[in-house]
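Numbering (our numbering), first residue to last: 142 to 557.
C-beta: ideal position from N, C-alpha, C; glycine also.
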């Protein structure tokens, strides 16, 4: 399975689970160093970043003249001639009066207005773009290239007839009409406005999501996070076929939560929010008589001491070892608060056997060093799962550890 294939599968799953707020992406965005809160916000950021938006604003900067509409205005005068006399209209007016007043004249003039639907769409598009930059411009490094958009829009509006135009009641039908305009600037504005309205209504499809992920998670460390998201979605999909997926509430660290007849399940990413802890304090090994541990403690203490002198960030001197698994599923019996069982997952986006072995070592550490309420977890309480991109094996289950790859990702069911 190539990258596009698994990302497409991931997009399909995500579209289903995001509906009704039953899957959270917050921890994945945080781990990828994106300071955003939702897939909708990410979509708006990339809406600003897309080439179509940049091309539109470049064309705007070169546009010096807008197109008004003109209407003929006729006015009847008595006793005087004013403006351009419309003789046909004048004769018709005198006829209606029975030709009793030869001093009746009808003049004509053209009334020009910029309040056309094309200009309304253009102004609505500019207001929308300016609002998006103001809202998201300082929030993520992704937008460093578009922070001058607001100034470009302000500069244009300051000397444009658009200033006096109201666009508050523009309809989708009017926007669609402008798509057929002969003027490319109006056409582009209408297309951008329709695209924005669709995204704002949360009507993204699978291709939208796929394109979004490909544009966002392109650096190696970000692809790692995206691969973690894929396996999180697979776990949820495979384990909620006969279960109820819960609604998530603001402030929760959960990725997803579900329940069956007897148990509740909570999925965490990056172990954030989990009741499990994965650390060994220095005091637990400080008095060890084993030569290796004694020297390891001395080595780490010296590294901490020197690091605190060399660097601004201070080391956590009381921690001897600490880990953070990519995925944790906590299982509890209904009606009971204590942890019944947990499944710990380590994800490696790799074809390298060396890197896969490293993931296996990390996973074994989590199983042996996992703690509940500061005490080591009971034997058999923790299961481990290794998720790989590719592997020279099908699904493997050996004791408390299972291994999966893209080519063999069946049987992901979690059993208490």
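C-alpha gap between residue i and residue j, whole angstroms
| i | j | result |
| --- | --- | --- |
| residue 499 | residue 162 | 35 Å |
| residue 453 | residue 394 | 29 Å |
| residue 276 | residue 290 | 13 Å |
| residue 199 | residue 310 | 27 Å |
| residue 546 | residue 164 | 23 Å |
| residue 197 | residue 244 | 55 Å |
| residue 401 | residue 380 | 9 Å |
| residue 249 | residue 241 | 22 Å |
| residue 312 | residue 332 | 13 Å |
| residue 274 | residue 321 | 28 Å |
| residue 412 | residue 189 | 33 Å |
| residue 260 | residue 303 | 7 Å |
| residue 210 | residue 236 | In this prediction, residue 210 has a pLDDT of 47, which is less than 50 and means its spatial position is unreliable; what the coordinates show is noted afterwards. One C-alpha to the other measures close to 32 Å. |
| residue 529 | residue 544 | 8 Å |
| residue 337 | residue 287 | 17 Å |
| residue 448 | residue 374 | 39 Å |
Local conformation of residue i per DSSP, three classes
| i | result |
| --- | --- |
| residue 294 | helix |
| residue 210 | With a pLDDT of 47 at residue 210, under the threshold of 50, the predicted position of this residue should be treated as unreliable, though the coordinate-derived value follows. Three-state result, residue 210: strand. |
| residue 316 | helix |
| residue 437 | helix |
| residue 431 | coil |
| residue 407 | strand |
| residue 245 | strand |
| residue 191 | coil |
| residue 226 | strand |
| residue 311 | coil |
| residue 167 | helix |
| residue 421 | strand |
| residue 326 | helix |
| residue 152 | helix |
| residue 553 | coil |
| residue 96 | Only positions 142 to 557 of the chain appear in the structure, and residue 96 is not among them; the question remains open. |
Proximity below 9 Å, CB of residue i to CB of residue j
| i | j | result |
| --- | --- | --- |
| residue 177 | residue 159 | no |
| residue 487 | residue 503 | yes |
| residue 354 | residue 522 | no |
Cβ separation of residue i and residue j, assumed to be a contact under 8 Å, to the nearest whole Å
| i | j | result |
| --- | --- | --- |
| residue 386 | residue 399 | 5 Å |
| residue 557 | residue 481 | 6 Å |
| residue 510 | residue 369 | Rounded, the Cβ-Cβ distance is 21 Å, inconsistent with contact. |
| residue 472 | residue 517 | Contact doesn't hold; Cβ gap of about 18 Å is too wide. |
Taking only runs that begin and end inside the region 352 to 402, name each unbroken alpha helix (DSSP H) of 4 or more residues, in chain order. 361 to 380
Which runs of the alpha helix (DSSP H), 4 residues or longer, sit entirely within the region 472 to 550? 494 to 510
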